[in-house]
Every structure is written in C-alpha cells, then in structure tokens.
Amino acid sequence: MPTAGALLRHLPRPLLRCAAVWRRAVRRPAGARRRSGPAAPPYPVQVRALLDVLDQAVAAQPAADAAVAACGAPDGPTGQAAQDCGRVCSAFHRLRAELHGLTLTAPDLARAQAHAGRLLAYDQWMVHQALNLAFSVHPEPRTEAARLQLNGLGRPADDLRRLRDGLRAAQGAPGPATAPRP
C-alpha cells in the first residue's frame with residue numbers, strides 16, 4: 064500500500080501546497096497527547112464488577128438446571144418448561160452482554176472474563192438445545208432418546224461456580240457462603 068508521501072508526490076504543485084497547509088492546520092499542538100478514552104476503573108472495582116456478574120450467573124443456575132431437567136422429564140415436557148427455558152435463556156443472554164461490557168484491564172481478570180463468557184455461552188446453548196429437543200417439530204426415536212438424557216447443566220455450571228469462588232478467594236472478597244453441589 065503506498066504511503067501518504069508517495070501519493071502526494073504525484074499531485075500538482077498548487078494542490079501540494081494546499082495539502083501542506085492542511086497538514087499544518089490539523090496537526091496537534093506541540094506537547095498535546097492523544098486521549099485514549101476514560102481511564103479504567105481501579106483493580107478492586109473491576110474485581111467487584113466481575114464478581115457481581117458471576118454472582119448473578121450462579122444465582123440463575125438452579126432455575127436453568129430445573130428448566131433443562133423439566134425438558135428431559137420422562138412423562139414429557141410441559142408448557143411451563145418452555146416458559147422457564149425462555150426466561151433462563153434471556154437471563155443468560157443478558158448476563159453475557161453485561162459480562163462482555165465490563166472494562167477489565169488486568170490480564171488475570173480478562174482471562175476470567177473470557178472463561179466466564181464461554182461457560183455462560185455453554186449454559187445458554189444447553190438450555191436452548193434442551194428446548195429444541197423437548198419441543199421438536201419432527202420427533203424421532205433418536206431425538207426422544209437424547210431428550211430423556213437431559214438432567215441439568217452439568218460440569219460447566221460447576222466450573223462457573225468454582226471460577227466465581229476462586230476469584231472471590233483470591234481477592235479476599237467476602238461473599239455468600241456456598242455449599243458444594245452434589
């Protein structure tokens with residue numbers, strides 16, 4: 064790609080003078096620095112914001128577990144299961160957007176944010192797939208067999224809880240006491 068100088072060499076002299084005047088007019092004054100946007104919040108504020116989102120995500124998990132399990136009920140899913148799945152899917156979508164909107168500058172927090180985003184995406188996907196299996200337009204024996212195996216979110220939900228608890232323990236932040244899930 065040609066540089067600006069190479070492009071300017073081919074301009075006629077009157078335009079070259081205009082270009083030079085224009086460059087001088089828009090040049091930043093000496094000593095002026097570029098603004099990089101608002102300063103990032105302090106580290107403890109970033110940790111608290113991430114923990115708040117993770118707390119909400121962990122609080123939404125029991126409802127998601129119940130909704131997925133209801134989709135896999137042996138006697139068939141109910142309309143209430145569909146409504147619960149829709150509510151939980153919306154909650155996970157909102158939490159993913161909130162998590163993505165956090166401004167985290169510390170590398171360890173950015174890694175935790177990315178990992179939490181992947182776990183929340185899995186939770187949302189699992190609820191969506193449970194809904195698809197439970198209310199399939201063309202039920203088949205394979206679909207029914209897969210639906211009957213649904214019993215909750217599984218290990219990624221535990222991983223999200225461990226991520227939240229590990230972050231809280233590493234930061235020494237007080238939080239709700241959580242009992243390990245069976």
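Quick note: the sequence shown, position 1, residue 64 per the numbering used here, numbers continuous.
Idealized CB from N, CA, C, for every residue including glycine.
Everything numeric in this text was worked out from a predicted model, so none of it was measured.
Counting only the same chain and skipping the five closest in sequence on each side, list residues whose C-beta sits under 6 Å from that of residue i.
{"i": "S199", "result": "T206"}
{"i": "Q234", "result": "V110"}
{"i": "P105", "result": "none"}
{"i": "P219", "result": "L182, Y185"}
Tell me the DSSP secondary structure of residue i in three-state form.
{"i": "A240", "result": "In this prediction, A240 scores a pLDDT of 46, lower than 50, which makes its location untrustworthy; no coordinate-derived value is stated."}
{"i": "N214", "result": "coil"}
{"i": "D138", "result": "coil"}
{"i": "L167", "result": "coil"}
{"i": "G235", "result": "coil"}
{"i": "E203", "result": "coil"}
{"i": "P105", "result": "coil"}
Can you name the start and end residues of the alpha helix (DSSP H) that residue i belongs to?
{"i": "F155", "result": "142 to 163"}
Use the C-beta contact count for residue i: other C-beta atoms within 10 angstroms, 16 or more gives buried, fewer gives exposed.
{"i": "D128", "result": "buried"}
{"i": "Q146", "result": "exposed"}
{"i": "R174", "result": "exposed"}
{"i": "R157", "result": "exposed"}
{"i": "P202", "result": "exposed"}
{"i": "P137", "result": "exposed"}
{"i": "P140", "result": "buried"}
{"i": "Q143", "result": "exposed"}
{"i": "L211", "result": "exposed"}
{"i": "D186", "result": "buried"}
{"i": "A208", "result": "exposed"}
{"i": "A232", "result": "exposed"}
{"i": "A197", "result": "buried"}
{"i": "A177", "result": "exposed"}
{"i": "A179", "result": "buried"}
Taking C-beta to C-beta, are residue i and residue j nearer than 8 Å?
{"i": "A130", "j": "V116", "result": "no"}
{"i": "G135", "j": "L216", "result": "no"}
{"i": "L230", "j": "L165", "result": "no"}
Can you find a CB in chain B that lies within less than 8 Å of the CB of residue i?
{"i": "T166", "result": "Annotation note: the requested chain B is absent from the structure, which comprises a single protein chain."}
Leaving out the 5 sequence neighbours to the left and right, which residues in its chain are closer than 8 Å to residue i when beta-carbon positions are compared?
{"i": "L183", "result": "A120, F155, L158, R159, L162, L223"}
Taking 7 Å as the limit between beta carbons, can you name the residues of its chain near residue i, skipping five residues before and five after?
{"i": "C148", "result": "A130, C134, V190, A193, L194"}
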